[in-house]
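Each residue of the sequence shown is one higher than the one before, starting from 1 at the first, in full-length UniProt numbering.
No residue lacks a Cβ here, since even glycine has one placed at the ideal position from N, Cα and C.
Notes for the one structure printed next.
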Amino acid sequence: MTSGFSAIFWRFFHWGPLTAISIIKSITFMTLYMNAMWWPPNRTFGGFLNQTVFLMLSASTGFNFVMASLTGPKFLPLQWRPKNPEDEQFLQYCATCEGFKAPRSHHCRKCDRCVIKMDHHCPWINHCVGWGNHAYFTCFLAFAVVGCLHATVILCGSLYAGLHRDWYVYYGQYSKATVYLSLWSLVLGVFNVGLAIGVVIAVGMLLFFQVRAIVNNRTGIEDWILEKARHLREGTEDNFQYPYDLGKWKNIRQVASWTCAPIGNGVEWAVAEGCDQFTLTREQLLQKSAKRARTRTYTILKPVSGSWVPLWSQGCRVCLSPPLTDEARIKLDVGDTVRVTRWRKHWLFGEKIFDEPEEPRNGTKKDKKRKQQSEPLPEAHKPPRIRGWFPRQCAVELVEDEDEAEQQQHFNEKKKHK
Ligand SMILES: [Zn+2]
Ligand SMILES: [Zn+2]
Numbered sequence: 001m002t003s004g005f006s007a008i009f010w011r012f013f014h015w016g017p018l019t020a021i022s023i024i025k026s027i028t029f030m031t032l033y034m035n036a037m038w039w040p041p042n043r044t045f046g047g048f049l050n051q052t053v054f055l056m057l058s059a060s061t062g063f064n065f066v067m068a069s070l071t072g073p074k075f076l077p078l079q080w081r082p083k084n085p086e087d088e089q090f091l092q093y094c095a096t097c098e099g100f101k102a103p104r105s106h107h108c109r110k111c112d113r114c115v116i117k118m119d120h121h122c123p124w125i126n127h128c129v130g131w132g133n134h135a136y137f138t139c140f141l142a143f144a145v146v147g148c149l150h151a152t153v154i155l156c157g158s159l160y161a162g163l164h165r166d167w168y169v170y171y172g173q174y175s176k177a178t179v180y181l182s183l184w185s186l187v188l189g190v191f192n193v194g195l196a197i198g199v200v201i202a203v204g205m206l207l208f209f210q211v212r213a214i215v216n217n218r219t220g221i222e223d224w225i226l227e228k229a230r231h232l233r234e235g236t237e238d239n240f241q242y243p244y245d246l247g248k249w250k251n252i253r254q255v256a257s258w259t260c261a262p263i264g265n266g267v268e269w270a271v272a273e274g275c276d277q278f279t280l281t282r283e284q285l286l287q288k289s290a291k292r293a294r295t296r297t298y299t300i301l302k303p304v305s306g307s308w309v310p311l312w313s314q315g316c317r318v319c320l321s322p323p324l325t326d327e328a329r330i331k332l333d334v335g336d337t338v339r340v341t342r343w344r345k346h347w348l349f350g351e352k353i354f355d356e357p358e359e360p361r362n363g364t365k366k367d368k369k370r371k372q373q374s375e376p377l378p379e380a381h382k383p384p385r386i387r388g389w390f391p392r393q394c395a396v397e398l399v400e401d402e403d404e405a406e407q408q409q410h411f412n413e414k415k416k417h418k
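This is the structure in structure tokens:
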């Protein structure tokens, strides 16, 4: 019980949820305070209805926010394997969770678990958005946008009435001169109008992307996979069919339910005709091997501190052109080898290679599959992956004889899949 309580405490005791809840509360209280003067709920039925609607929007926003955060996206069980061992060849392996990644599951570095149908890690709810809370999260966004629009109308209306109070009094329209603005209510009123409009714009954009994800049955990550799939096939006759697009209404029914409970078992998914359970995971494996063929191996000549701003060791030029991402910066020693996948003028992104017999790169696809199938566990005993950015001037490229063979193999693989 206590562990459950502390889990809930730490879920919300984080800048994201604390800020979000403060914004919701601030707008709610200021709107109620101003509305009590502007359109009092206890005088007219219209006023009562107006405040009731606003209170319901505010409460629904808060409720869906808390539920999205508490329910979470649902994690894939650790050391998960498909029921049929034959299917392991179509799936990626997660070394951290020591299991296979089910279709539509991705590993989240912040949650440190494989997340079912992961969309993104949302700092506001301090949790991932995925299979388990997609519906709650979308409801939260929708109520927040509508509620803040309502708050904007009430706050602007009452501020207008308050600023024109003298005018109403002067012309004898006493029934309209109900809003009295002190300095503080003016300042807080304007501040909260700003907050509400900000929420409408920012959350409105998020809502647009969430609704689009539901209508297309395609998460942000899957958008990216599909984009790469199309890019890989550019200029060919081949067309990649995205397997989870079942048509608009069926797509919506994969997420929408009256209880906001997730639909299905999180492992098997409804797929379109002509596709099977592993259409997308096979594509992911293909993209991974294409990426591997693009990598270059570098050797470290100067020690790398792993600092974000290595002014003393690397100089200004390196510090002035950092890669614009929050990905890790890694520490490396002279003689380390790194497999580089991304290049910037002064920085490289790669993964450190540990002294181990490398997997047979020249092996055929079948060899690789057999390897994956028969001995996936040794991968789990490998040291943790060290991946990140480091200054380019510390490294030199190793030119390998096998490069050409490797490229040839990649080309053949691509041809086979056509
Ligand atoms: Zn994982
Ligand atoms: Zn996460």
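Which value, in whole angstroms, describes the spacing of the CA atoms of residue 384 and residue 297?
Roughly 19 Å between the two C-alpha positions.
Which class does residue 85 belong to by DSSP, given the choice of helix, strand or coil?
The answer is helix: DSSP assigns residue 85 an H, G or I state.
If I measure Cβ to Cβ from residue 345 and keep anything under 8 Å in the same chain, skipping five residues before and after, which residues do I get?
Hits under 8 Å: 321 and 392.
Does DSSP put residue 138 in a helix, in a strand, or in coil?
In this structure, residue 138 counts as helix in the three-state DSSP scheme.
Tell me the DSSP secondary structure of residue 17 in three-state form.
Of the three classes helix, strand and coil, the one that applies to residue 17 here is helix, per DSSP.
Please state whether DSSP places residue 302 in a helix, a strand or coil.
Coil, per DSSP.
Closer than 6 Å is what we want: which residues have a beta carbon that near any heavy atom of ligand 1? List them in chain order.
In chain order, the qualifying residues are 94, 96, 97, 107, 113 and 114.
Kindly provide the ranges of any beta strand (DSSP E) runs that are 3 or more residues long and lie completely inside the region 49-125, ordered along the chain.
The region 49-125 contains these whole beta strand (DSSP E) runs: 105-108, 113-116 and 120-122.
Indicate the three-state DSSP secondary structure (helix, strand or coil) for residue 353 in the structure shown.
Three-state DSSP puts residue 353 in a strand.
Opposite residue 148 in the DSSP bridges: which residues?
In the DSSP output, where bridge partners are listed per residue, residue 148 has none listed.
If you drop the 5 nearest sequence neighbours on each side, which residues of the same chain put their C-beta closer than 6 Å to that of residue 121?
Cβ neighbours of residue 121 beyond the five flanking positions: 108, 110 and 128.
List in chain order: all unbroken alpha helix (DSSP H) runs of 4+ residues lying wholly within the region 256-300.
Fully enclosed alpha helix (DSSP H) runs of 4 or longer: 279-294.
How close, in whole Å, do the beta carbons of residue 395 and residue 299 come, if the pair is a contact with beta carbons under 8 Å?
Right, the Cβ-Cβ distance comes to about 7 Å (below 8 Å), so this counts as a contact.
Taking only the alpha-carbon atoms, compute the straight-line gap between residue 380 and residue 288 and give it to the nearest angstrom.
Any reading at residue 380 is ruled out, since the residue's pLDDT is 47, under 50, leaving its predicted position unreliable.
Which of helix, strand or coil does DSSP assign to residue 388?
Residue state, collapsed to three classes: strand.
Near residue 220, what residues of its chain come up, given a Cβ to Cβ distance below 8 Å and the 5 sequence neighbours on each side ignored?
Taken in chain order, the residues that qualify are 119, 120, 209 and 213.
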